[in-house]
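In UniProt numbering, the protein residues as written are 1 to 201.
Ideal Cβ placement from N, Cα and C applies to all residues, glycine included.
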């Protein structure tokens, strides 16, 4: 098992590093040139990246778009009155601004208001835009998926799993540092305690 000294910057480099990590000492310059393992790795890679970017609110993968084409829902149901189309590159809706009631329904967003809003969402971004900790996390994650079918070494799989968990933690931490911590705008628990506090406490 190799130890990475720097973060990959391309899809090919990630696949090559993952293949090397599971004990296959080969350099992959193209997917076809890497043989069946590289082809399988590419299929896993595309699914893995889309699933990961669509399951966590990674700030580096955020995009926003103002939604102004809002049409009346016909027929209306469950109190939802309007609908709008989700952008084609959206893989996860994060939130709407201003904060209005909504639900995601297939490839549409349903609302109870026809006011214009800004949609903040996750989308696929090129590897060159990934933070280094996230790159290394994907390498280890891909290696763990490949390792199940190409190695019988439980020790190697355990080391890869340990590295994957470490880099996931670092990637999440680094991503969280890209935004300042904002105070609560509304905290009913604190408001109630303050309003009804006993003198001297």
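DSSP beta-bridge partners of residue i
i: residue 97; result: 118
i: residue 84; result: 109
i: residue 63; result: 121
i: residue 77; result: 80
i: residue 104; result: 109
i: residue 72; result: 82
i: residue 92; result: 122
Where the alpha helix (DSSP H) through residue i begins and ends
i: residue 134; result: 132 to 150
i: residue 18; result: 11 to 21
Helix, strand or coil at residue i according to DSSP, with G and I counted as helix
i: residue 167; result: helix
i: residue 31; result: coil
i: residue 39; result: helix
i: residue 162; result: helix
i: residue 155; result: helix
i: residue 217; result: There is simply no residue 217 to check, as the chain begins at 1 and stops at 201 in what is shown.
i: residue 176; result: helix
i: residue 128; result: helix
For residue j and residue i, believed in contact at Cβ under 8 Å, the rounded distance
i: residue 57; j: residue 94; result: 5 Å
i: residue 142; j: residue 41; result: 7 Å
i: residue 81; j: residue 112; result: 5 Å
i: residue 86; j: residue 70; result: Rounded, the Cβ-Cβ distance is 12 Å, inconsistent with contact.
i: residue 45; j: residue 92; result: In fact, because the Cβ distance is near 19 Å, the residues do not count as touching under 8 Å.
i: residue 38; j: residue 15; result: 6 Å
Under 7 Å between C-beta atoms of residue i and residue j
i: residue 10; j: residue 125; result: no
i: residue 174; j: residue 131; result: yes
i: residue 140; j: residue 171; result: no
i: residue 178; j: residue 59; result: yes
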